[in-house]
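Participant:
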Amino acid sequence: MKFTHTATVAAPRAKVWAQVMDVPAAARCVPGVASVRASGNGKYQGTLAVQVGPVRLVLDGDLAITARDETAGTASLRAEAKDSRVGGAIHATMNLALAEKGGETELRIDSDLAVMGRLGEFGQPVIKRKADQLMRDFAECLARQASAR
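So that you can map any letter, position 63 of the sequence shown is 571 in my numbering, and since no number is skipped, the others follow by simple counting.
(1) Between A589 and A597, is the Cβ-Cβ spacing less than 8 Å?
(2) CB-CB under 7 Å to M624, same chain, minus the five flanking residues each way: which ones, in chain order?
(3) Locate the beta strand (DSSP E) running through M509, then write down its first and last residues.
(4) Which one of E629, S655, A607 and A647 has the shortest CA to CA distance from D577?
(5) With three or more C-beta pairs closer than 8 Å as the rule, is the stretch 632 to 645 touching the stretch 522 to 530?
(6) To which residues does DSSP link V538 through a beta bridge?
(7) To the nearest angstrom, how far is it from the Cα of G569 to the Cα of V563?
(8) Who does M643 pair with in a DSSP beta bridge?
(9) Ignore the nearest five residues each way along the sequence and tell me which others in L627's own chain have a CB closer than 6 Å to its CB.
(10) Tell me the residue span of the beta strand (DSSP E) that contains A597.
(11) Tell me which residue opens and which closes the beta strand (DSSP E) that A587 is part of.
(12) Is the distance from the Cβ of V517 to the Cβ of A656 below 8 Å?
(13) Taking the CB atoms as reference points, tell me whether A583 and M529 lie closer together than 8 Å.
(14) So is Q474 buried or exposed if we call it buried at 16+ other beta carbons inside 10 Å?
(15) Can you give me the C-alpha to C-alpha distance between R593 and V541, rounded to a whole angstrom?
(16) For the candidate residues L615, L621 and A622, whose alpha-carbon lies nearest to that of A526?
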């Protein structure tokens, strides 16, 4: 499944870049993230607890920053996680792009998400609604953090 999310953050691009590249801090803006810890070389391990449809998932997995270009304001990430209780896994690639527009920053995230096992039974509309909600919450939190700094 492919998703594109955009959000405007009322802060300069350099400030937003610093926020999103600080993965543990940025993860605090994702509802349900229980933990994130660095494992070296732009790699992280973490846990996300999230309600999708009628089922509560606890996804344990890895996130890696696979490319970053601060000058262009772009980065690529790869995430893999599984829920052993429900029986399923996700694999995602995300491309981030930041563009400054009049003192604000437009954040664009293009995601390609593969859902395996029982998690795939939820269907695209349910997963899209959850992804949209998580992105809105993430962007609102980033905006609050940017104005607080």
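Backbone N, C-alpha and C fix where the C-beta goes; we use that ideal spot for every residue, glycine too.
Facilitator: Concretely, from the data shown:
(1) For A589 and A597, yes; Cβs fall inside 8 Å.
(2) G596 and A597.
(3) Segment: none, M509 is in no beta strand (DSSP E) and carries neither H nor E.
(4) Taking D577 as reference, the option from E629, S655, A607 and A647 with the minimal CA-CA separation is A607.
(5) With a cut-off of 8 Å, the stretch 632 to 645 and the stretch 522 to 530 do not count as touching, because too few Cβ pairs lie within range.
(6) Beta-bridge annotation (DSSP): V538 is not paired with any residue.
(7) So the two alpha carbons sit approximately 18 Å from each other.
(8) M643 pairs with nothing; no bridge assigned.
(9) Same-chain partners within the cutoff: G596.
(10) Element bounds for A597: G596 to K609.
(11) For A587, the uninterrupted beta strand (DSSP E) segment begins and ends at T582 to D591.
(12) Cβ distance not < 8 Å, so V517 and A656 don't count as in contact.
(13) Their beta carbons are under 8 Å apart, which means A583 touches M529 by this criterion.
(14) Summary: the structure shown does not reach residue 474, with the chain confined to residues 509 through 657, and so no result is reported for it.
(15) In this structure, the straight-line span from the alpha carbon of R593 to that of V541 is close to 17 Å.
(16) Comparing C-alpha distances from A526 to each of L615, L621 and A622 shows the shortest one belongs to L615.
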